[in-house]
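Asks: My structure is below; once you've seen it, I'll send some questions.
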Amino acid sequence: MMQADQLPVWAALLASALVLLGAGFTVIGAIGLARLQTFYERLHAPTLGTTWGAGGILLGSIVYFTVAQSRPVVHEVLIAAFLTVTTPVSLMLIARAALYRDRAERNPLVPPDDASQETDA
1 MMQADQLPVW AALLASALVL LGAGFTVIGA IGLARLQTFY ERLHAPTLGT TWGAGGILLG
61 SIVYFTVAQS RPVVHEVLIA AFLTVTTPVS LMLIARAALY RDRAERNPLV PPDDASQETD
121 A
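Residues 1 to 121 in our numbering are what the sequence shown spells out, letter by letter.
This is the structure we're talking about:
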C-alpha cells in the first residue's frame, strides 16, 4: 500500500473533493436540524445530509484506497447500501410514530387520519 504522499495528484484531488463535498452536505443537514422549527421539518434535513454526506465521504474513501492499494476496494459499497436502506426506513418509522402520538393527543396542528373519518357518500 502506498503512502498518502505517494498518491497521484488526480486521485488526491478527487478524493479530497468528494470528502469535502460529503462533509459539506453533512454540515448543511446539521444546520437544517438546528434551524428548522417543527419536528416534521427537522426530519428531512438530517436524513438527506446523512445520506448524501456519507455518500460523498464513502466515494472519496473508495477512490483513495483503490488507488493506494492498486486494487478495487468496494467494501465501502456495503456501508453505502446499509445507509441508503436504513436511513429512509428510520425516517418513515420515526415520522409515523410522531404522527400517531400527535393524533392521539389531538394536536390541532396535525391533520386528522383520513382512514378514521367516515364519508357519507
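We put the beta carbon where it would ideally sit given N, CA and C, even for glycine.
Just checking: is the beta-carbon of residue 16 within a distance shorter than 8 Å of some beta-carbon in chain B?
Replies: Among the chains in the structure shown there is no chain B, since it carries only a single protein chain.
Asks: Our contact map puts residue 13 next to residue 56 with C-beta atoms below 8 Å; I'd like the distance itself, whole angstroms only.
Replies: Not really, about 14 Å apart at Cβ, beyond 8 Å.
Asks: Assuming residue 25 contacts residue 49 under a Cβ cut-off of 8 Å, what Cβ separation, rounded to an integer in Å, is found between them?
Replies: The C-beta distance from residue 25 to residue 49 rounds to 5 Å, short enough to meet the 8 Å contact threshold.
Asks: Which of the three DSSP states is assigned to residue 120 in this structure?
Replies: Per-residue confidence for residue 120 stands at a pLDDT of 49, beneath the threshold of 50, marking its modelled position as unreliable; no derived number is given.
Asks: By Cβ distance below 7 Å, which residues in the same chain neighbour residue 51 in space, the five residues on each side in sequence not counted?
Replies: 83, 84 and 87
Asks: I'd like to know whether the C-beta atoms of residue 77 and residue 66 end up nearer to each other than 8 Å.
Replies: For the pair residue 77 and residue 66, the CB atoms are not nearer than the 8 Å cut-off.
Asks: Just the C-alpha distance for residue 9 and residue 63, rounded to the nearest angstrom, thanks.
Replies: Computed Cα separation, rounded: 12 Å.
Asks: Please classify residue 38 as buried or exposed, where buried requires at least 16 other C-beta atoms within 10 Å of its C-beta.
Replies: exposed
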